[in-house]
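Novice: Count along the sequence shown starting at 1, add 385, and that's the number in the working numbering.
Quick reminder that beta carbons are idealized off the backbone N, C-alpha and C, glycines included.
Keep in mind that this is a model prediction, so the values were computed, not measured.
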Amino acid sequence: MSKIFNDPIHGTITLHPLLIKIIDTPQFQRLRNIKQLGGCYFVYPSASHNRFEHSIGTCFLASKLARQLQAQLKEDEMNLNLKKDEELLNDMEKLYLEKLGDATMKDEDILCIGIAGLCHDIGHGPYSHLFDRLFNKAIKKKHQETTEWEHEDVSGKMLDFMIEKNPDLKTRICKNFGNLGPTMQFIKDLIKGKTTNKEEKKARLYMYEIIANKRNEIDVDKMDYFARDCHGLGMKSNFDHLRFISQCRVMFLKSDDPDETTIAVRDKEEYNLYELFHTRIGLLRRAYYHPVNKAIELMLTDALVAANDHLDIPTDSGGTVKMSQAYKHMSAYGKLTDSIVDVILMSTKEELTEAKDLINRIYKRQLYKLVGRKTPKPKLSFSYGKGTENPITHVYFYEKGSYECFKGKDSEKTSLLLPSENFQEDVAFIYSTSIDKETTDNIKRKWKEIQNTD
386 MSKIFNDPIH GTITLHPLLI KIIDTPQFQR LRNIKQLGGC YFVYPSASHN
436 RFEHSIGTCF LASKLARQLQ AQLKEDEMNL NLKKDEELLN DMEKLYLEKL
486 GDATMKDEDI LCIGIAGLCH DIGHGPYSHL FDRLFNKAIK KKHQETTEWE
536 HEDVSGKMLD FMIEKNPDLK TRICKNFGNL GPTMQFIKDL IKGKTTNKEE
586 KKARLYMYEI IANKRNEIDV DKMDYFARDC HGLGMKSNFD HLRFISQCRV
636 MFLKSDDPDE TTIAVRDKEE YNLYELFHTR IGLLRRAYYH PVNKAIELML
686 TDALVAANDH LDIPTDSGGT VKMSQAYKHM SAYGKLTDSI VDVILMSTKE
736 ELTEAKDLIN RIYKRQLYKL VGRKTPKPKL SFSYGKGTEN PITHVYFYEK
786 GSYECFKGKD SEKTSLLLPS ENFQEDVAFI YSTSIDKETT DNIKRKWKEI
836 QNTD
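1) Could you please give me the residues that DSSP links to arginine 830 through a beta bridge?
2) Less than 8 Å between the C-beta atoms of lysine 579 and lysine 607, yes or no?
3) Quick check on the DSSP output: the beta strand (DSSP E) that includes arginine 758 runs from which residue to which?
4) Sorted by chain position, which residues of the same chain lie with C-beta nearer than 6 Å to alanine 372's C-beta, five sequence neighbours on each side aside?
5) In whole angstroms, give me the CA-to-CA distance for leucine 755 and glutamate 645.
6) Taking 7 Å as the cut-off, does the CB of tyrosine 781 come closer than this to any heavy atom belonging to the ligand COA?
7) So what's proline 552 in DSSP terms, helix, strand or just coil?
8) Across the stretch 620-630 and the stretch 663-670, are there enough close Cβ pairs to call them in contact, namely three or more that are closer than 8 Å?
9) On the premise that histidine 434 lies in contact with arginine 670, defined as a C-beta separation below 8 Å, what is that separation, rounded to the nearest angstrom?
10) Does the distance from the CB of leucine 404 to the CB of isoleucine 500 come in under 8 Å?
11) Alpha carbon to alpha carbon, how far is isoleucine 498 from threonine 568? Give it in angstroms, no decimals.
12) Assign glutamate 806 to one of three DSSP states: helix, strand, or coil.
13) CB-CB under 6 Å to valine 428, same chain, minus the five flanking residues each way: which ones, in chain order?
14) Have a look at Ile419, Tyr656 and Leu480 and flag the residue whose alpha-carbon is nearest the alpha-carbon of histidine 514.
15) Quick check on this structure: which residue in Leu685, Phe629 and Lys794 has the alpha carbon closest to the alpha carbon of glutamine 751?
16) For lysine 707, which residues in the same chain have their Cβ closer than 6 Å to its Cβ, ignoring the five residues on either side in sequence?
17) Tell me which residues share the same chain as isoleucine 820 and place their Cβ nearer than 8 Å to its Cβ, disregarding the 5 neighbours each side in the sequence.
18) Per DSSP, which residues does aspartate 392 bridge with? Please list them.
19) For arginine 830, count neighbouring Cβ atoms within 10 angstroms of its own Cβ and tell me buried if that reaches 16, exposed if not.
20) List the endpoints of the continuous alpha helix (DSSP H) containing tyrosine 659.
21) Sort Ile698, Ile558 and Gly486 by Cα distance to histidine 401 and report the nearest one.
22) Along the chain, where does the beta strand (DSSP E) that runs through alanine 649 open and close?
23) Buried or exposed: which applies to glycine 502, given that a residue is buried once 16 or more other Cβ atoms fall within 10 Å of its Cβ?
24) In chain order, which continuous runs of the beta strand (DSSP E) of length 3 or greater are located wholly inside the stretch 669-723?
25) Ignoring anything shorter than 4 residues, give me the alpha helix (DSSP H) runs that lie fully in the stretch 460-507, in order along the chain.
26) Taking DSSP's pairing of strands, which residues face asparagine 435 in a bridge?
27) Could you tell me the boundaries of the alpha helix (DSSP H) in which serine 344 lies?
28) Is tyrosine 481 near leucine 465, with beta carbons less than 8 Å apart?
29) So what's serine 540 in DSSP terms, helix, strand or just coil?
30) Could you tell me the alpha carbon to alpha carbon distance between glutamate 535 and threonine 733, rounded to whole angstroms?
31) Does DSSP classify valine 635 as helix, strand or coil?
32) Leaving out five residues on either side along the sequence, give the residues of the same chain with a beta carbon under 6 Å from the beta carbon of lysine 822.
33) Buried or exposed: isoleucine 576, going by 16 or more other Cβ atoms within 10 Å of its Cβ?
34) Between which two residues does the beta strand (DSSP E) holding phenylalanine 814 run?
35) In chain order, what residues of the same chain have a beta carbon less than 6 Å from the beta carbon of serine 716, not counting five sequence neighbours either side?
Take a look at the structure:
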């Protein structure tokens, strides 16, 4: 049975019964307790939204974009066949019609895309990116570990674990798709934005741009979290994602690889895209890399690192693992949410005193103090999504009535609308971890002296 959600961003959302089955599992429900913006909630009181609602929103937009592309492909086929009957096709249209069958999107594909959108973030740990980036990096530095992992990798593992632990869900998936193995791999590939199937037709590659677009970073994941984050932060976004989706279509890459497809957008949407890039850089400057937010995230990271060796996370096999190793054991990882700070505070272990003190400092607003900024190497980047490159040059556009697509061009007009010398800023924040004001003032003074001698 389908279910209706009332969402502050997208309004009424109706989801397929299989998607509801996934939502109603402990592995998905844990996302209710993982803040979307990590430490930002301590800076912006209304930034209380969680990965749970973002995942549902991404699922909704992924399904909407997939249905738009499916409808466009059917309309193209119908229109071109009519022109074919009247012998009015040009060479490009003949080629497009010839290849159109391989690009067809089935209803089963749309459901898989919806599942991928829903499950793309189930691999997140406490405070979202704080765990797989800051905490993971700090643990590697402390213990000289070399293991690399990202939350997308864990999302695939958690999806397998979810199906294993919920037999009724497994039965339902098999009923919908038949062969479980290839279906699950397809969903995992959609989450990561690239196929591992060597037999996948190039004409279907556009599907892998819906959730995680590696070509130009414009995907439904970002469309939802930009809109949702702006809503939670009390900021304004002028990017119209529904209009953008309505102007998307599947196109073959004539010049690069004539058999490969991409998602192209109508040329008149160029200005709407500028709004997307402006929203991204605004969120980076005002929220994601807000100096106080980064101070709090550093303190939370230090607290988790201090607690890591003294917290035992139970596994289903009867053993325990450290937080830093939980990504290898989904039964343990599934227990990790933002509530880990409460577990630390409630513990009676003396070894957790340092971690407790850091958490209590956050609650008392005794934060690490910003003493300076610097452009370092390696660099912390504020970009429009493609580093130092103009992001518009990675987007494919099409003109009305045309079956050819072309890349956006770097121009004087673009430079005026995206004001940045290299489309990227690099900055590092330097903090004092001391609670003593005199010590912090001395550090700040010393930092200024160093800067003046550079």
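Specialist: On the basis of the supplied data:
1) Taking the first residue of the sequence shown as position 1, residue 830 is located at position 445. According to DSSP, which records beta bridges pairwise, arginine 830 is partnered with nothing at all.
2) Here residue 579 refers to the residue found at position 194 when the sequence shown is read from its first residue. Here residue 607 refers to the residue found at position 222 when the sequence shown is read from its first residue. For lysine 579 and lysine 607, no; Cβs fall outside 8 Å.
3) Position 373 of the sequence shown, counting from 1, holds the residue named residue 758. Unbroken beta strand (DSSP E) run through arginine 758: 754-759.
4) Residue 372 cannot be examined here, being either before or after the span of the chain that is shown, 386 to 839.
5) Within the sequence shown, residue 755 is the residue found at index 370, counting from 1. Within the sequence shown, residue 645 is the residue found at index 260, counting from 1. Their backbone Cα atoms lie some 49 Å apart in a straight line.
6) In the structure on display, the ligand COA does not appear, and there are no ligands present to speak of.
7) Taking the first residue of the sequence shown as 1, we reach residue 552 at position 167. Reduced to three states, the DSSP call for proline 552 is helix.
8) yes
9) By one-based count along the sequence shown, residue 670 stands at place 285. By one-based count along the sequence shown, residue 434 stands at place 49. The pair is not a contact, with the Cβ atoms about 20 Å apart (cut-off 8 Å).
10) Taking the first residue of the sequence shown as 1, we reach residue 404 at position 19. Taking the first residue of the sequence shown as 1, we reach residue 500 at position 115. Yes, they are a contact pair.
11) Here residue 568 refers to the residue found at position 183 when the sequence shown is read from its first residue. Here residue 498 refers to the residue found at position 113 when the sequence shown is read from its first residue. Computed Cα separation, rounded: 11 Å.
12) As a working note, residue 806 is residue 421 in the sequence shown. Since pLDDT at glutamate 806 reaches only 44, below the 50 mark, its modelled position is unreliable, and the value read off the structure follows with that caveat. Residue state, collapsed to three classes: coil.
13) As a first step, residue 428 is located in the sequence shown; it is residue number 43 there, counting from the start. Closer than 6 Å at the Cβ level, and outside the excluded window around valine 428, lie His675, Val677 and Asn678.
14) Residue numbering aside, residue 514 sits at position 129 when the sequence shown is read from its first letter. With distances taken between Cα atoms, histidine 514 lies closest to Ile419.
15) Position 366 of the sequence shown, counted from the start, is the residue given in the question as residue 751. When only C-alpha atoms are compared, the closest one is Leu685.
16) For the purposes of this step, residue 707 is identified with residue 322 of the sequence shown, where counting begins at 1. Around lysine 707: Asn693.
17) Here residue 820 refers to the residue found at position 435 of the sequence shown. Excluding residues within five positions, the ones whose Cβ falls inside 8 Å are Arg746 and Gln751.
18) For the purposes of this step, residue 392 is identified with residue 7 of the sequence shown, where counting begins at 1. In the DSSP output, where bridge partners are listed per residue, aspartate 392 has Gly396.
19) To locate residue 830, count along the sequence shown from 1; it is residue 445. Classification for arginine 830: exposed.
20) Locating residue 659 in the sequence shown gives position 274, where the first residue counts as 1. Counting along the chain, the alpha helix (DSSP H) containing tyrosine 659 begins and ends at 655-668.
21) Taking the sequence shown and counting its residues from 1, the one referred to as residue 401 is at position 16. Answer by Cα proximity: Ile558.
22) Walking along the sequence shown from the start, residue 649 turns up at place 264. 642-651 is the extent of the beta strand (DSSP E) around alanine 649.
23) One-based indexing of the sequence shown puts residue 502 at position 117. Per the 10 Å Cβ criterion, buried.
24) none
25) 476-485 and 492-504
26) Residue mapping note: residue 435 aligns to position 50 of the sequence shown, counting from 1. Asparagine 435 is bridged to Lys420.
27) An answer regarding residue 344 cannot be provided, because it is not within the stretch 386 to 839 covered by the chain.
28) Looking up residue 481 in the sequence shown gives position 96. Looking up residue 465 in the sequence shown gives position 80. Yes, they are a contact pair.
29) The sequence position of residue 540 within the sequence shown is 155, counting from 1. Helix at serine 540.
30) Here residue 535 is taken as the residue at index 150 of the sequence shown, counted from 1. Here residue 733 is taken as the residue at index 348 of the sequence shown, counted from 1. Going from the Cα of glutamate 535 to the Cα of threonine 733 covers about 32 Å.
31) Residue numbering aside, residue 635 sits at position 250 when the sequence shown is read from its first letter. Reduced to three states, the DSSP call for valine 635 is strand.
32) Counting from 1 along the sequence shown, the entry for residue 822 is found at position 437. Closer than 6 Å at the Cβ level, and outside the excluded window around lysine 822, lies no residue.
33) For this step, residue 576 is matched to residue 191 along the sequence shown. So isoleucine 576 ends up on the buried side.
34) The sequence position of residue 814 within the sequence shown is 429, counting from 1. Per DSSP, phenylalanine 814 belongs to the beta strand (DSSP E) from 813-817.
35) The residue given as residue 716 occupies position 331 in the sequence shown. These residues qualify, in order along the chain: Thr700 and Asp701.
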